[in-house]
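In the numbering used here, the protein residues as written are 96 to 353.
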Amino acid sequence: MARAETDPLVSLGLGVDRGSPVPLYFQLAEQLRTAIEQGRLAPGMLLGNEIAFAARLGLSRPTVRQALRTLVDQGLLVRRKGVGTRVVPAAAAAGAAPRPALTSLHDELDAAGRHPATRVLHDAVVAAPAEVAEALGVEEGAEVRRLERLRLADGEPLAVLRSHLPLRGPLPPAADLEATGLFRLLRAAGVVPHSARQRIGARGATRSEARLLDETEGAPLLTLRRVVVDAAGRAVEHADHAVRPTRWSLDQRLLAPE
């Protein structure tokens, strides 16, 4: 890492509050994002080695890595093997596409004029399995709300939506789940989705999914797995959706790193 006197991060006064409910990586990512937006980290500036970075802040490498990855996903940092992590150069930032918006499938369909509809298949309080508990920041086995819905578009089955919600704060009324999208209900309850980390994959349809989606068992489905957080970094939804690829597609403009 560069010497302390030339390290661009030294003057930022970075630090985290370990007593805060906000995840440490999110606290760090927000401080770096603010520094970039205010120009205190200039376009093209090379950041230091994440090992030394973590040691100086008293954080684990996975925490620092997740903070940096969050900003890479937001288009503010770029990582290159053998070079390191740097603030996106000014020319690249100026020509970059807008960040993909955090929207619900219901809102996407509505905006496209495809007449979304929903059937609630399951709505219950359950014990959180390990993966869900980690994503939502609760203890394994803690009570969470599990929703399973069938989303239709223009009367045709499109996706099986599975969501887990923490039981803190207001939750969407069960009676409204078939009338509109989950994000709209969360916002109406004062829970505002701010950002998410999403992974898109594929697998074969299970027997129950095939029946619901009018497909054959084993037919290819797209999978959308994401954790949605509010502005304070608190997880508000763990989602695991299965979508018919013949009925839905994702369009994005991507920018190659320099």
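Even for Gly, the Cβ is constructed at its ideal location relative to N, Cα and C.
All of these numbers come straight from a predicted model, not from anything done at the bench.
Just to check my reading of the structure: residue i and residue j have Cβ atoms closer than 8 Å, yes? What is that Cβ distance to the nearest angstrom?
i: V255; j: L308; result: 7 Å
i: A162; j: L123; result: 4 Å
i: L253; j: R342; result: 5 Å
i: G299; j: G313; result: 4 Å
i: S199; j: L319; result: S199 to L319, Cβ: 11 Å. No contact.
i: A223; j: V239; result: 4 Å
i: R241; j: T213; result: Actually they do not touch by this definition, with Cβ atoms about 16 Å apart.
i: H201; j: T301; result: Rounded, the Cβ-Cβ distance is 23 Å, inconsistent with contact.
i: A248; j: R209; result: 4 Å
i: D335; j: R244; result: With 8 Å as the limit, D335 and R244 do not qualify as a contact, their Cβ atoms being about 12 Å apart.
i: H259; j: V227; result: 5 Å
Could you please give the first and the last residue of the uninterrupted alpha helix (DSSP H) stretch that includes residue i?
i: D205; result: 200–206
i: Q293; result: Premise fails: Q293 lies in the beta strand (DSSP E), 290–299, not in any alpha helix (DSSP H).
i: A337; result: Premise fails: A337 lies in the beta strand (DSSP E), 330–338, not in any alpha helix (DSSP H).
i: R282; result: 277–283
i: V167; result: 156–168
i: L307; result: 302–308
i: A147; result: 145–152
i: L231; result: 225–231
For residue i, count neighbouring Cβ atoms within 10 angstroms of its own Cβ and tell me buried if that reaches 16, exposed if not.
i: P340; result: exposed
i: V287; result: exposed
i: P181; result: The residue asked about is misnamed: residue 181 is Arg in this sequence, not Pro. R181 should be labelled buried.
i: I131; result: buried
i: P261; result: buried
i: P265; result: exposed
i: T311; result: exposed
i: R175; result: exposed
i: L141; result: exposed
i: E304; result: buried
From what residue to what residue does the beta strand (DSSP E) around residue i run?
i: D249; result: D249 -> no beta strand (DSSP E), and no H or E assigned at all.
i: R214; result: 211–222
i: P267; result: Where P267 is concerned, there is no enclosing beta strand (DSSP E), given that its DSSP letter is neither H nor E.
i: L123; result: L123 -> not in any beta strand (DSSP E); alpha helix (DSSP H) instead, spanning 119–132.
i: P315; result: 315–324
Spatial neighbours of residue i within its chain, please: CB distance less than 6 Å, with the 5 preceding and 5 following residues excluded, ordered by chain position.
i: T158; result: L119, Y120
i: V322; result: A230, R292, A330, H333
i: L317; result: A297, V338, P340
i: L107; result: A130
i: L345; result: none
i: M96; result: Residue placement at M96 is poorly supported in this model, since its pLDDT is 41, which falls under 50; the coordinates still yield a value, given next. Hits under 6 Å: G143, N144, A147.
i: G367; result: Past the boundaries of the shown model lies residue 367; the chain is included only from 96 to 353, so the question cannot be answered.
Grab me the residues of residue i's own chain with a C-beta within less than 8 Å of its C-beta, minus the 5 sequence neighbours each way, in chain order.
i: R113; result: L119
i: V111; result: L119, Q122, L123, L152, L154
i: R282; result: P288
i: A284; result: G264, P265, L266, P267
i: A326; result: V287, H289
Looking at the strands, I want to know which residues DSSP matches up with residue i.
i: G179; result: R175
i: P116; result: Note: P116 sits in no beta bridge, so no partner.
i: P184; result: For P184, which the question treats as bridged, DSSP gives no partner whatsoever.
i: R257; result: E243, D335
i: L141; result: R181
i: E238; result: A222
Among residues of its own chain, excluding the 5 on either side of residue i, which ones have a beta-carbon nearer than 7 Å to its beta-carbon?
i: D205; result: P211
i: V146; result: Per the sequence presented here, residue 146 reads as Ile, with Val not at that position. Here the set comprises R156.
i: D271; result: L280
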